[in-house]
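The structure appears right after this line, and notes come after that.
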Amino acid sequence: MHLGRTTLSKFLIENLSGTPDGADLAALLVDVAAAVKAIAALSARGALGGATGSLDTVNVQGETQKPLDVLSNTAFVNTFQLGGLVAGVASEEMDDPFPIRAPHKRGPFLAIFDPLDGSSNIDGNVSVGSIFSILRAPAKGEPQTADYLQSGSSQVAAGYALYGPATLLVITVGNGTHGFTLDREIGNFILTHRDIKIPADTSEFAINTSNERFWEPPVTRYINECKAGKTGPRERDFNMRWIASMVAEVHRILIRGGIFMYPRDNKDPSKPGRLRLMYEANPMSMIVEQAGGLSSTGRERIMDVVPTQIHQRIPVILGSRNEVERVVHYHQQFDSGTDQSYKSPLFSERGLYRS
Ligand code: AFP
Numbered sequence: 000m001h002l003g004r005t006t007l008s009k010f011l012i013e014n015l016s017g018t019p020d021g022a023d024l025a026a027l028l029v030d031v032a033a034a035v036k037a038i039a040a041l042s043a044r045g046a047l048g049g050a051t052g053s054l055d056t057v058n059v060q061g062e063t064q065k066p067l068d069v070l071s072n073t074a075f076v077n078t079f080q081l082g083g084l085v086a087g088v089a090s091e092e093m094d095d096p097f098p099i100r101a102p103h104k105r106g107p108f109l110a111i112f113d114p115l116d117g118s119s120n121i122d123g124n125v126s127v128g129s130i131f132s133i134l135r136a137p138a139k140g141e142p143q144t145a146d147y148l149q150s151g152s153s154q155v156a157a158g159y160a161l162y163g164p165a166t167l168l169v170i171t172v173g174n175g176t177h178g179f180t181l182d183r184e185i186g187n188f189i190l191t192h193r194d195i196k197i198p199a200d201t202s203e204f205a206i207n208t209s210n211e212r213f214w215e216p217p218v219t220r221y222i223n224e225c226k227a228g229k230t231g232p233r234e235r236d237f238n239m240r241w242i243a244s245m246v247a248e249v250h251r252i253l254i255r256g257g258i259f260m261y262p263r264d265n266k267d268p269s270k271p272g273r274l275r276l277m278y279e280a281n282p283m284s285m286i287v288e289q290a291g292g293l294s295s296t297g298r299e300r301i302m303d304v305v306p307t308q309i310h311q312r313i314p315v316i317l318g319s320r321n322e323v324e325r326v327v328h329y330h331q332q333f334d335s336g337t338d339q340s341y342k343s344p345l346f347s348e349r350g351l352y353r354s
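Numbering that gives the first Met the number 0 puts the first residue of the sequence shown at 0, with every later residue one more than the last.
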C-alpha cells in the first residue's frame, strides 16, 4: 500500500493551478495518462491481444510497423482528437502532422510523440515505452508544419510511459521530474517518485557497441577509457547496459545514474544519429535536465537545436552531469585539435580506429 497516494490529477492541480493555461495543460496530461493506460493494457496482453508480430506496412522512418505501433498511435491520436486541448499532433508513425479539424475542438497545444519506442523489443517481451512532447500551438488557425519546429527549450511539458513489470508515467512541466506508478486495481497513477534527481557521477554507460567502427574519435576515446576500467585513466571499473529501448535506458539513468549515448556515426552519413529530435531527444532532454542531468549532441545542448524537419535525427549523449560534460570536453578537444591523444596512430586513417 503506497502511503500518501497523491494521484496524478491531484499533483497536477497542485503544481499547475494559477499558471497560464495550467488547467488546460493539467487536463491534457490526464488525457495522455488515459492513452497510456490503454496502451499498457494492450501491451500486457502480448500475443493474446494481437500486439506482437509485424504488419506488411512501413512507416516514414522506413521501419516495418508492429501492430502495437499502430494501435498505440491510434490511442494517442484519438485521445488528443477528442480531448479538445491540442490544435494538431505529430507522430513517429505518421508522415505529416495531423491537424485537429471540425467537428473536433482545437486547443492551445501541439502534441508530438513516439507512440511506441523500442518496438523491436515487443516480440521479446522486453520493456517498451511511449514518449511525448507538448508545445504551444499558434494563437489562431490551423497549425502548419513550421509551427511544430520549436526548439526543445520551448516545450511546456514532456514525459514518457514505461510499460514494464509496472506501468510508469514520468513527466515534467518545468518544475522537476516526477514519476507515477499505475495502480491497476483503481486505474490511477500514484506519485511514487517525487522530484527525481540523477546522480552527477556514474560508472555505467549505455551504447550500441556494434557501431564502434563508425563512431567519431571522442566517443571512441570515452568508451575505451570506460572499458579500460581500473587499469586506465578513469581508475575505476565501468559497467555497460544496452536494452534498445531508450525509455528503459533513460528511466534506469533517472533512478541510479548513467550515461546513454546514441552518437553521430558515419554508418549512414545522411543520418546524423539514429534518434529523432522532436519526439525522442527533446522530451527526454527536458526530463533529464529537470532531474539535474545534461543532454547534448556532443557539441551543443540538444534543447537549443533549432529543428528543420519533424522527423530529423540527432546525436544524443545524456545522463549524469559529470560524464556528459567529460564527453562534450572530448569533442571540444578533438574539434579544436588540442588533444594529442588523437594524434596517436590509433586514430589515423589506416590505424585501428578509422576517424
Ligand atoms: P525501435 O522503436 O525501432 O525499436 O527503436 C528504438 C530506438 O529508437 C531507441 O529506443 C533505442 O535506444 C534505439 O532505437 C536502439 O537502436 P539499435 O537497435 O540500433 O540499438
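Just so it is clear, CB atoms sit at the ideal spot from N, CA and C, and this is done for glycine as well.
Report task. Find out if the Cβ-Cβ distance for the pair Lys270, Arg298 is shorter than 8 Å. Result -> no
Query raised in the report: Under the criterion of a Cβ to heavy atom distance below 7 Å, does Leu41 qualify as lining the ligand AFP?
Result: no
Query raised in the report: Considering Tyr278, what are the terminal residues of the beta strand (DSSP E) in which it resides?
Result: For Tyr278, there is no enclosing beta strand (DSSP E), as DSSP gives it neither H nor E.
Query raised in the report: Does DSSP classify Ile38 as helix, strand or coil?
Result: helix
Requested in this report: Give every residue of the same chain whose Cβ lies closer than 6 Å to the Cβ of Asp113, excluding the five residues on either side of it in the sequence, and list them in chain order.
Outcome: Glu91, Ile130, Tyr278 and Glu279
Report task. Going by CA-CA distance only, name the one from Met285, Ser284, Arg300 and Glu211 that's closest to Asn265. Result -> Glu211
Report task. For Ser319, count neighbouring Cβ atoms within 10 angstroms of its own Cβ and tell me buried if that reaches 16, exposed if not. Result -> With 16 or more other Cβ atoms within 10 Å, it is buried.
**Report entry** 8 Å Cβ shell around Ala26 - same chain, five flanking residues per side excluded
**Finding:** Gly82 and Leu84
Query raised in the report: Any heavy atom of the ligand AFP closer than 7 Å to the CB of Gly117?
Result: yes
Report task. Tell me where the beta strand (DSSP E) around Val125 begins and ends. Result -> For Val125, there is no enclosing beta strand (DSSP E), as DSSP marks it with neither H nor E.
Query raised in the report: Starting from Met239 and walking both ways along the beta strand (DSSP E), at which residues does that stretch end?
Result: Where Met239 is concerned, the enclosing beta strand (DSSP E) stretches over Asn238 to Arg240.
**Report entry** beta strand (DSSP E) runs wholly inside the segment 213 to 278, at least 3 long, in chain order
**Finding:** 238 to 240 and 258 to 261
Requested in this report: Return yes when at least one heavy atom of the ligand AFP lies under 7 Å from the C-beta of Glu248, else no.
Outcome: yes
Query raised in the report: Taking C-beta to C-beta, are Glu248 and Leu293 nearer than 8 Å?
Result: No, the pair does not count as a contact, with Cβ atoms beyond the cut-off.
Report task. Could you tell me whether any non-hydrogen atom of the ligand AFP is closer than 7 Å to the CB of Arg273? Result -> yes
Query - Three-state secondary structure (DSSP) of Ser319 - result: coil
Query - DSSP state of Val169 mapped onto helix, strand, coil - result: strand
**Report entry** Enclosing beta strand (DSSP E) for Val59 [first to last residue]
**Finding:** Note, Val59: premise wrong, no beta strand (DSSP E); not H, not E.
Query raised in the report: Under 7 Å from any heavy atom of the ligand AFP, does the C-beta of Ala280 make it?
Result: Relative to the ligand AFP, the beta carbon of Ala280 is positioned no closer than 7 Å to any heavy atom.
Query raised in the report: Is there a Cβ from chain B that is less than 8 Å from the Cβ of Leu54?
Result: Looking at the structure shown, chain B is missing, and only one protein chain is on hand.
Report task. Starting from Glu203, follow the alpha helix (DSSP H) in both directions and report where the run begins and ends. Result -> Segment Glu203 to Ala205 is the beta strand (DSSP E) holding Glu203; no alpha helix (DSSP H) there.
Query - Spatial distance of Ala110 from Asp122 (CA atoms) - result: 28 Å
Requested in this report: With DSSP as the reference, label Gly297 as helix, strand or coil.
Outcome: coil
Query - As assigned by DSSP and simplified to three states, the class of Ile286 - result: helix
Query - Rounded C-alpha distance that separates Val125 from Gly163 - result: 8 Å
Query raised in the report: Nearest CA to the CA of Ala74: which residue from Gln60, Gly45, Ala33 and Pro96?
Result: Ala33
Query raised in the report: For the ligand AFP, is there a heavy atom less than 7 Å away from the beta-carbon of Asn223?
Result: no
Report task. Can you tell me which of Gly173, Phe179 and Val155 puts its alpha carbon nearest to the alpha carbon of Leu161? Result -> Phe179
Query raised in the report: If you draw a straight line from the C-alpha of Arg44 to the C-alpha of Phe10, how long is it?
Result: 30 Å
Query - Any non-hydrogen atom of the ligand AFP closer than 7 Å to Ser126 Cβ - result: no
Report task. Count the C-beta pairs between the segment 240 to 257 and the segment 211 to 222 that are closer than 8 Å, then say yes if the count reaches three, no if not. Result -> no
Requested in this report: Tell me whether Gln143 is buried or exposed, calling it buried when 16 or more other Cβ atoms sit within 10 Å of its Cβ.
Outcome: Result: exposed.
Query raised in the report: Beta carbon of Ser132, beta carbon of Asn281: below 8 Å?
Result: yes
Query raised in the report: Just how far apart, CA to CA, sit Phe188 and Ile99?
Result: 27 Å
Query - Length of the line joining the Cα atoms of Gly336 and Thr307 - result: 30 Å
Query raised in the report: What is the residue span of the beta strand (DSSP E) that Ala157 lies within?
Result: In the DSSP assignment, Ala157 falls within the unbroken beta strand (DSSP E) covering Ala156 to Tyr162.
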